[in-house]
Ligand SMILES: C[S@@+](CC[C@H](N)C(=O)[O-])C[C@H]1O[C@@H](n2cnc3c(N)ncnc32)[C@H](O)[C@@H]1O
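Residue numbers (our numbering): 488 to 734.
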């Protein structure tokens, strides 16, 4: 049996075996997209290391389905470059970002969206008002990333809002910098997490320990000095005491 509100520094394929059938209310995962992502668009070189297991898309979907309650639902972030085809996908949410990646400047369009597969079990009902399946949320600016593919807290909070009640358990088995855990804490939900890389577990735990101080819903933009952007990330991670080059 696993402890609640803890991120295990463990391969999730092994970790999931420790979870009972129908034991979590919601699953939000952002696995490596299987595209060997490594941005070359940092002025002074990319401070992050390549994402573990990003050479091939491996999602333990059946095992995740086993641990999800019959009243629960699962969200999976993925890229159009590696389509996620599964008959349990009921809908796909398109996350439209405020700007787009550089990539192949002469031979390709700029990519301005990511995809989230929505996979509800039969007895799941929405817990929020009914949103459309196109969501606009700002991405986190490169200077403020603690993880190369860190997701904005705002979009994770929307997923949590649509699918859980206070006290419910959310599973994220590719925790990265802990965005799902921090969002759960802000919203009074419980979580279970796995993350392969120790350095990201450490960052996630530091974010969690300071999460209340940095509840961005309470921060304001004051004249001339921005304290937090839409993504909930202060413009300078020094506020968190964490810099990407500490990874
Ligand atoms: C796309 S990132 C998640 C980023 C996260 N959503 C955030 O906001 O920081 C995927 C993470 O999964 C981790 N990972 C890869 N394979 C894993 C596995 N088998 N078990 C647990 N974690 C894994 C990687 O180290 C990486 O940090």
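Yeah, the Cβ is synthetic: ideal placement off N, Cα and C, and Gly gets one too.
Is residue 666 near ligand 1, with its Cβ less than 7 Å from a heavy atom? yes
According to DSSP, what are the bridge partners of residue 607? 560
Rounding to the nearest angstrom, what Cα-Cα distance links residue 542 and residue 615 in this structure? 36 Å
DSSP three-state assignment for residue 506, whether helix, strand or coil: coil
Beta-carbon contacts of residue 546 that lie in its chain and below 8 Å, excluding the five residues immediately before and after: 516, 518, 563, 571
Residue 548 Cβ short of 7 Å to ligand 1 heavy atom set: no
Short check: CB of residue 661 to CB of residue 642, under 8 Å? no
Since residue 601 sits in a beta bridge, which residues does DSSP pair it with? 582
Quick one: using the 10 Å Cβ neighbour count with 16 as the cut-off for buried, is residue 502 buried or exposed? buried
Tell me whether the stretch 596-615 and the stretch 570-584 touch, counting them as touching only if at least three CB pairs, one residue from each stretch, are closer than 8 Å. yes
Can you tell me whether residue 688 sits near ligand 1, meaning its C-beta is under 7 Å from at least one heavy atom of the ligand? no
In terms of alpha-carbon separation, which member of 509, 610, 692 lies closest to residue 552? 509
So is residue 495 buried or exposed if we call it buried at 16+ other beta carbons inside 10 Å? buried
Using CA atoms only, rank isn't needed, just tell me which of 535, 610, 597 is closest to residue 559. 610
Rounded to a whole number of angstroms, what is the C-alpha to C-alpha distance between residue 613 and residue 561? 12 Å
Contact set for residue 491: own chain, Cβ-Cβ below 7 Å, skip 5 residues either direction: 656, 677, 679
Which partner residues does residue 618 have in the DSSP bridge list? None; residue 618 has no bridge partner.
Going by C-alpha to C-alpha distance, which of 640, 499, 588 sits closest to residue 539? 499
Taking the beta carbon of residue 567 as the centre, do at least 16 other beta carbons fall within 10 Å, making it buried, or is it exposed? exposed
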